[in-house]
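Structure first, then comments.
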Amino acid sequence: MIYHVLPGDATAEDFKATGISGEVIVCRECLAVGPADAETYFEFWEQRAHFILAEYGGDEIVYHETVADELAKLLDVPAGSEVNLWFEYELFCSANMWFCLDLLKNTEAEVYRVEPVVRTADDRWKGFGKLDAAELQKCFAARTQFSAEGIQLGSDLWNAFRHEDHARLLLLGDRDSKSFPYLKEVCEAAVERETRPREILQRITENKTEFGEIFLEFTKEAGVYGYGDSQVESLLEK
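Be aware that the sequence shown starts at 13, since it is given in the working numbering, and climbs by one per residue.
Below, the structure is given as structure tokens:
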């Protein structure tokens, strides 16, 4: 079996035009924000459903059906399967990818990283957004396979992140791995996620009041977080 884990419905829609075969699993979570420290998967999904409901509204049943059940498929991929993790570089996508690697660590799947290699270093935080089918095909052709050590590193990163073990996260961020570009920068951003984004927004809102302008400026200054409209609006409300 071949699986493609895609970072959201927008990328999933663009992916259809590539003609690349395989079953699609859409990651609709935003693990870069909110609690993620439950001890069992059941408790974890309940915790996340409650958080999403409180933070953004919605329905817990819909969350379980469209988010939890979708990602839980990774726990049961058959041995020898090929799993392609299509994730961008910023913290939003990195945290989701670390979680996926943790789910996959006890499977016997071959796991690959598909990243937005067509982006320049200056545009690295733009990810797969607005890439056409040919560009997405180039990204897939350049994929790299996670070694066993790489999968374990992803799991370790996830557990350090969810437990807010900042010292461990920074230590892991110093690892040099081709499967984790910009890791040090992302881990540093993760450690400061409760303070730095708010400080940046506070400075921006001293001179700007229109949300569109605020969001654009935040994206320029804090692209490493990868926050979308919902996350920035939530920060502004707080």
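From the three backbone atoms N, C-alpha and C, an ideal C-beta is built for every residue, glycine too.
Nearest residue (CA-CA) to Ile32, options Lys150, Lys220, Gly46, Leu115: In the sequence shown, residue 32 corresponds to position 20, counting from 1. Out of Lys150, Lys220, Gly46, Leu115, Lys150 has the C-alpha closest to the C-alpha of Ile32.
Cβ distance (whole Å) where Leu113 is taken to contact Ile163 below 8 Å: Sequence index remark: in the sequence shown, residue 113 carries index 101 (1-based). Sequence index remark: in the sequence shown, residue 163 carries index 151 (1-based). Right, the Cβ-Cβ distance comes to about 5 Å (below 8 Å), so this counts as a contact.
Supposed close pair Leu195, Ser189 - CB separation, criterion 8 Å: In the sequence shown, counting from the first residue as 1, residue 195 sits at position 183. In the sequence shown, counting from the first residue as 1, residue 189 sits at position 177. Going by Cβ atoms, the distance from Leu195 to Ser189 rounds to 7 Å, so yes, they are a contact pair.
Under the three-state DSSP convention, the category Thr23 falls into: Taking the sequence shown and counting its residues from 1, the one referred to as residue 23 is at position 11. Helix at Thr23.
N- and C-terminal bounds of the alpha helix (DSSP H) containing His16: As a first step, residue 16 must be located in the sequence shown, where it is residue number 4. Element bounds for His16: not the alpha helix (DSSP H) but the beta strand (DSSP E), 14-18.
8 Å Cβ shell around Arg131 - same chain, five flanking residues per side excluded: Mapped onto the sequence shown, residue 131 falls at position 119. Excluding sequence neighbours, Arg131 sits near Lys138, Gly139.
Buried or exposed (CB count within 10 angstroms, at least 16 for buried), Glu102: Counting from one through the sequence shown, the residue named residue 102 turns up at place 90. Buried, by the Cβ-count rule.
Contact between the segment 93-107 and the segment 40-55 (3+ Cβ pairs under 8 Å): yes
Proximity winner among Asp21, Ile226, Leu83, Arg40, relative to Phe54 (alpha-carbon distances): Numbered from 1 along the sequence shown, position 42 holds the residue referred to as residue 54. Minimum Cα distance to Phe54 is reached at Leu83.
Assigned secondary structure, Thr156 (DSSP; H/G/I helix, E/B strand, else coil): Here residue 156 is taken as the residue at index 144 of the sequence shown, counted from 1. Residue state, collapsed to three classes: strand.
Beta-carbon spacing of Trp170, Phe111 below 8 Å: Along the sequence shown, one-based indexing puts residue 170 at 158. Along the sequence shown, one-based indexing puts residue 111 at 99. Yes; because the gap between Cβ atoms is below 8 Å, this pair is in contact.
The alpha helix (DSSP H) enclosing Asn108, as first and last residue numbers: Your numbering for residue 108 matches position 96 in the sequence shown. Asn108: member of the alpha helix (DSSP H) spanning 103-116, first to last residue.
Beta-carbon proximity check, Leu97 vs Val38, cutoff 8 Å: Taking the first residue of the sequence shown as 1, we reach residue 97 at position 85. Taking the first residue of the sequence shown as 1, we reach residue 38 at position 26. Not in contact: Leu97 and Val38 (Cβ atoms no closer than 8 Å).
Cβ-Cβ distance between Ser159 and Ala121 below 8 Å: Residue mapping note: residue 159 aligns to position 147 of the sequence shown, counting from 1. Residue mapping note: residue 121 aligns to position 109 of the sequence shown, counting from 1. No; because the gap between Cβ atoms is not below 8 Å, this pair is not in contact.
C-alpha distance - Thr217 paired with Glu229, whole-angstrom precision: Reading the sequence shown from its first residue, position 205 is the one you call residue 217. Reading the sequence shown from its first residue, position 217 is the one you call residue 229. Looking at the two C-alpha atoms, the distance is approximately 10 Å.
Contacting residues, own chain, Cβ-Cβ under 6 Å from Ala48 (five flanking each side not counted): Reading the sequence shown from its first residue, position 36 is the one you call residue 48. Closer than 6 Å at Cβ, skipping near neighbours: Arg174.
CB of Leu165 within 8 Å of CB of Arg187, strictly: Stepping through the sequence shown from its first residue, residue 165 is reached at position 153. Stepping through the sequence shown from its first residue, residue 187 is reached at position 175. Yes; because the gap between Cβ atoms is below 8 Å, this pair is in contact.
Simplified DSSP state of Ile216, which is helix, strand or coil: Residue 216 sits at position 204 when you count from the first residue of the sequence shown. Residue state, collapsed to three classes: helix.
Neighbour-count burial assignment, Pro90, 16 or more Cβ in a 10 Å radius: Counted from its first residue, the sequence shown places residue 90 at position 78. That one is exposed.
Pair within 8 Å by beta-carbon distance, Pro19 and Glu147: For the purposes of this step, residue 19 is identified with residue 7 of the sequence shown, where counting begins at 1. For the purposes of this step, residue 147 is identified with residue 135 of the sequence shown, where counting begins at 1. No, these two residues do not count as a Cβ contact at 8 Å.
Pick from Val236, Gly141, Glu222 that is closest to Arg208, judged by C-alpha positions: As a working mapping, residue 208 is identified with position 196 in the sequence shown. Arg208 has its Cα closest to that of Val236, out of Val236, Gly141, Glu222.
7 Å Cβ shell around Phe63 - same chain, five flanking residues per side excluded: Translated into the one-based positions of the sequence shown, residue 63 becomes position 51. The residues are Gly46, Pro47.
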